[in-house]
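A.B. asks: Protein chains in written order, with this note's numbering: chain W, 1 to 252; chain Z, 253 to 506.
C-beta: ideal position from N, C-alpha, C; glycine also.
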Amino acid sequence: MIGYVAGRSWLHRAHPYTPLALAAAVLLLSFAFHTPVPVWLMVAAALIMALATGTIREVLGPALLLATPTWLVLLVLHGLLGEPPKAPFGPFLLSEPGVARALVLGGRIGAIVIAFLAALATVSPARLVDGMTARGIPFGPIFLLVSTLTFLPRTRERAARILEAQQARGLRIGGSPLARFRALVPLVLPLVLGALAEVDEQVLALETRGATSGVRRTPLDPPADPAGQRVLRLGLVVVVVVAWAARLTNRI
Amino acid sequence: MSVIRLERAVFRYAGRPEPALTVERLDVARGELVAVTGPIGSGCSTLLLVASGYAPSITGGTLEGERRIEARRPALVFATPWTQLTGIAHTVLAEVAFGPASDGLPREQVLAAAHAALERLGAHHLASRDPALLSGGELQRVVVAAALAQQPDLLVLDDPAAELDPEAADRLYDLLGDLAREGRTVLVATPDVARAAHVATRALVLERGRIVADGVPASVLSETDVARIARAAGCPGPLPLDVAALVARVAEAG
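Here's what the structure looks like:
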């Protein structure tokens with residue numbers, strides 16, 4: 001499942017910017033490093049983040065689903081077809097620099113996917129809205145961000161409703177892969193067209209409720225942002241800046 | 253003084269040459285509760301959008317003629333409550349509070365307005381629920397509450413009882429009557445002529461984008477089931493439009 005998972009972990013209770021800052025730091029640091037070990041340390045850091053928030057089960061499945069195809073492509077592209085020297089690995093001859101390159105690229109993808117899925121599972125959209133509103137961020141960017149974060153869960157719910165309705169009208173979703181593919185059409189068309197039709201009314205509804213009034217909105221329940229968390233986020237910025245400075249000056 | 257004035261108003265949706273609405277003249281005074289009715293496609297919803305100022309500014313299209321609206325941000329409710337959720341509120345209270353919060357009112361005032369609106373709709377028990385998980389009827393009450401929380405001078409509703417059971421629909425129409433008596437102007441498009449006739453102070457009937465009848469409900473609305481029965485029974489006009497009126501008429505006649 002991709003989306004917010006209710007919980008009581010420290011990161012659930014933290015200001016929403018904190019888990020997002022951790023995920024952003026993992027992303028930026030994984031690109032700052034270009035050897036397998038530090039990159040896979042970032043994967044470990046992301047996994048620890050998911051473990052610490054109690055969302056590992058919800059994060060790991062989708063993360064593997066998203067990352068595995070890319071890992072396989074990287075392994076074939078760089079490991080099997082990479083430049084020499086090559087070393088035997090079972091029945092295969094693998095390129096040593098190619099495998100190292102695949103490990104770096106694959107590690108970055110793994111770290112980013114796990115860290116952001118963990119952040120997504122930890123940050124309540126409602127708290128994020130209040131947190132951003134309290135900082136005086138206009139409604140437009142908030143709506144854009146939260147709509148993106150909640151897009152998958154909402155689409156999944158909508159798809160489930162449409163699927164139930166179509167099955168009630170006799171749609172069969174089992175059988176051969178071709179039959180399953182055919183069953184996608186009566187699901188996808190209403191999903192897309194329905195979403196487009198509803199957008200117009202939602203825009204109108206938001207407008208009538210003052211979303212674009214230009215007045216600074218009142219946050220209903222602004223999350224606390226203790227000094228410790230602000231220092232932590234500042235520390236992450238410093239670490240990222242130092243890592244990138246080292247990378248750009250060829251020190252790492 | 254008119255809250256809404258339309259004069260020689262012609263509205264066309266984008267890409268459609270024929271007018272969706274043509275109004276020679278329409279004045280709606282403060283505190284009126286106007287029921288708007290007509291066959292499907294007759295322009296009732298379009299009239300609401302034009303009269304509330306949201307067409308063409310939000311919907312697109314073109315409006316010719318004169319329009320004057322003396323109301324601060326009219327509140328609008330559609331028949332499809334699930335399309336009116338903000339998508340960023342995860343409790344009903346936050347959903348209802350969205351409008352007043354957008355006005356930048358102090359937090360206490362925002363919450364008080366939201367609680368009061370939920371109370372009026374009998375939906376206070378839903379305050380902590382996730383709006384995405386409500387039934388159609390619950391959601392309909394929540395979106396009406398969200399409109400009320402904005403404390404609008406002008407409330408415009410398009411078939412607001414579409415998702416409600418008969419009892420809840422009765423309560424909603426009674427509430428609309430109360431709002432009009434408080435001095436708010438209410439426009440409600442509805443196929444539920446009997447309920448509208450019970451509370452409305454005025455009725456408009458539309459056909460093919462034009463107002464074909466405008467007056468007190470008893471003289472304008474004659475197509476309720478009760479009115480048909482009364483007509484068949486030879487009852488002289490104005491026909492009773494709902495059961496209560498029919499009973500009263502029968503009692504009068506002895």
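1) Which residues of chain W have a Cβ atom closer than 8 Å to the Cβ of glycine 507 of chain Z, listed in chain order?
2) Taking 8 Å as the threshold, find out whether the region 280-291 of chain Z comes into contact with the region 452-461 of chain Z through three or more Cβ pairs.
3) Quick one: which chain W residues come within Cβ less than 8 Å of proline 358 of chain Z?
4) Spell out whether any CB of chain Z is found under 8 Å from the CB atom of glycine 3 of chain W.
5) Would you kindly check if the distance between the Cβ of leucine 285 of chain Z and the Cβ of glycine 467 of chain Z is under 8 Å?
6) So what does DSSP say about glutamate 157 of chain W, is it helix, strand or coil?
7) DSSP puts alanine 455 of chain Z in a beta bridge; with which residues?
8) Using only alpha-carbon positions, find the residue among Z:Gly317, Z:Asp405, Z:Leu424, Z:Ala379 that is nearest to valine 396 of chain Z.
9) Nearest to alanine 266 of chain Z by alpha carbon, out of Z:Thr311, Z:Arg483, Z:Pro383?
10) Does the Cβ of isoleucine 142 of chain W have 16 or more other Cβ atoms within 10 Å, making it buried, or fewer, making it exposed?
11) Since glutamate 318 of chain Z sits in a beta bridge, which residues does DSSP pair it with?
12) Output the residue ranges of the alpha helix (DSSP H) runs that lie fully inside the region 70-96 of chain W and measure 4 residues or longer, sorted by chain position.
13) Given a cut-off of 8 Å on the beta-carbon distance, is the pair leucine 171 of chain W and alanine 159 of chain W in contact?
14) Quick one: residues in its chain with C-beta nearer than 8 Å to the C-beta of alanine 32 of chain W, no 5 flanking neighbours on either side, listed in chain order?
15) Using a Cβ cut-off of 7 Å, pull out every chain Z residue sitting near valine 129 of chain W, in sequence order please.
16) Over the uninterrupted beta strand (DSSP E) stretch that includes alanine 281 of chain Z, give me the two end residues.
17) I'd like to check one pair, leucine 117 of chain W with valine 59 of chain W: are the Cβ atoms closer than 8 Å?
18) Rank Z:Leu299, Z:Ala323, Z:Pro333 by C-alpha distance to the C-alpha of glutamine 202 of chain W and give the top, closest one.
19) Within 8 Å (strictly less), CB to CB, does arginine 209 of chain W reach chain Z?
20) Reducing DSSP to helix, strand and coil, say where arginine 393 of chain Z ends up.
21) Please report the straight-line C-alpha distance between serine 213 of chain W and proline 326 of chain Z, rounded to a whole angstrom.
22) Relative to chain Z, which residues along the region 64-86 of chain W have a C-beta separation below 8 Å, given in chain order?
23) Is the Cβ-Cβ distance between aspartate 426 of chain Z and valine 451 of chain Z less than 8 Å?
24) For isoleucine 2 of chain W, is the classification buried or exposed, using 16 other Cβ atoms within 10 angstroms of its Cβ as the cut-off for buried?
25) Suppose you measure from the CA of proline 125 of chain W to the CA of methionine 253 of chain Z; what does that come to, to the nearest Å?
26) Between glycine 389 of chain Z and the rest of its own chain, which residues show a CB-CB distance below 8 Å, the 5 nearest in sequence each way excluded?
27) Between glutamine 402 of chain Z and glycine 351 of chain Z, is the Cβ-Cβ spacing less than 8 Å?
28) Determine, using beta carbons only, whether valine 330 of chain Z comes closer than 8 Å to chain W.
29) Suppose contacts are defined by Cβ-Cβ distances below 8 Å. Is valine 280 of chain Z in contact with aspartate 410 of chain Z by that definition?
30) In the DSSP assignment, find the unbroken beta strand (DSSP E) run with aspartate 410 of chain Z in it and report its ends.
31) So is leucine 351 of chain Z in contact with chain W if we call contact Cβ pairs under 8 Å?
32) Spatial neighbours of glutamine 361 of chain Z within its chain, please: C-beta separation below 8 Å, excluding the five flanking residues on both sides.
33) For serine 254 of chain Z, which of helix, strand or coil comes out of DSSP?
34) In the DSSP assignment, what residue or residues form a beta bridge with valine 329 of chain Z?
35) Name the residue from W:Phe92, W:Leu145, W:Leu93, W:Met42 whose alpha carbon lies nearest to the alpha carbon of leucine 28 of chain W.
36) Find the residues of chain W that neighbour valine 362 of chain Z, judging by a C-beta separation of less than 9 Å, and give them in chain order.
C.D. replies: The short version:
1) Since the displayed chain Z opens at 253 and closes at 506, residue 507 of chain Z lies outside it and no answer follows.
2) The region 452-461 of chain Z and the region 280-291 of chain Z touch, with three or more beta-carbon pairs separated by less than 8 Å.
3) Ordered by position in chain W, the residues that pass the 8 Å Cβ test against proline 358 of chain Z are Thr218.
4) Not one beta carbon of chain Z lies nearer than 8 Å to the beta carbon of glycine 3 of chain W.
5) Judged by their CB atoms, glycine 467 of chain Z and leucine 285 of chain Z are not nearer to each other than the 8 Å cut-off.
6) It is helical.
7) Looking at the DSSP output, alanine 455 of chain Z bridges to Z:Ala287, Z:Gly467.
8) Looking only at Z:Gly317, Z:Asp405, Z:Leu424, Z:Ala379, the smallest Cα-Cα distance to valine 396 of chain Z is reached by Z:Leu424.
9) Ranking Z:Thr311, Z:Arg483, Z:Pro383 by Cα distance to alanine 266 of chain Z puts Z:Thr311 first.
10) The residue in question, isoleucine 142 of chain W, is buried, as its Cβ has 16 or more Cβ neighbours within 10 Å.
11) Beta-bridge partners of glutamate 318 of chain Z (DSSP): Z:Glu259.
12) Those alpha helix (DSSP H) runs which fall completely within the region 70-96 of chain W and span 4+ residues do not exist here.
13) Contact flag unset, no.
14) Around alanine 32 of chain W: Val240, Ala243, Trp244, Ala246, Arg247, Ile252.
15) Within chain Z, the residues near valine 129 of chain W are Ile340.
16) Start and end: 273-281.
17) Going by C-beta atoms, valine 59 of chain W is nearer than 8 Å to leucine 117 of chain W.
18) Checking every option, the nearest Cα to that of glutamine 202 of chain W belongs to Z:Pro333.
19) Output row for arginine 209 of chain W: interface = yes.
20) Of the three classes helix, strand and coil, the one that applies to arginine 393 of chain Z here is helix, per DSSP.
21) Across the structure, serine 213 of chain W and proline 326 of chain Z are spaced so that their CA atoms are roughly 13 Å apart.
22) Answer in chain order: no residues at all.
23) Judged by their CB atoms, aspartate 426 of chain Z and valine 451 of chain Z are nearer to each other than the 8 Å cut-off.
24) By the neighbour-count criterion, in which 16 or more other beta carbons inside 10 Å mark a residue as buried, isoleucine 2 of chain W falls on the buried side.
25) Rounded to the nearest angstrom, the two C-alpha atoms are 45 Å apart.
26) The beta carbon of glycine 389 of chain Z sits closer than 8 Å to the beta carbons of Glu415, Leu416, Asp417, Ala420 from its chain, once the five residues preceding and following it are set aside; these are given in chain order.
27) Taking 8 Å as the cut-off, the beta carbon of glutamine 402 of chain Z is found closer than this to the beta carbon of glycine 351 of chain Z.
28) At residue 330 of chain Z the sequence reads phenylalanine, which differs from the valine that was named. For phenylalanine 330 of chain Z, the answer is yes, since a Cβ of chain W falls inside 8 Å of its Cβ.
29) It is not a contact, given that the beta carbons lie outside the stated cut-off.
30) From DSSP, the beta strand (DSSP E) with aspartate 410 of chain Z extends over 406-410.
31) Just to set this straight, residue 351 of chain Z is glycine in the shown sequence, not leucine. Under the Cβ distance rule, glycine 351 of chain Z counts among the residues neighbouring chain W, one pair being separated by less than 8 Å.
32) Hits under 8 Å: Pro352.
33) Serine 254 of chain Z: strand per DSSP, three-state reduction.
34) Its beta-bridge partners are Z:Leu409.
35) The option with the nearest alpha carbon to leucine 28 of chain W is W:Met42.
36) Within chain W, Thr218, Leu220 have C-beta atoms less than 9 Å from the C-beta of valine 362 of chain Z, given in sequence order.
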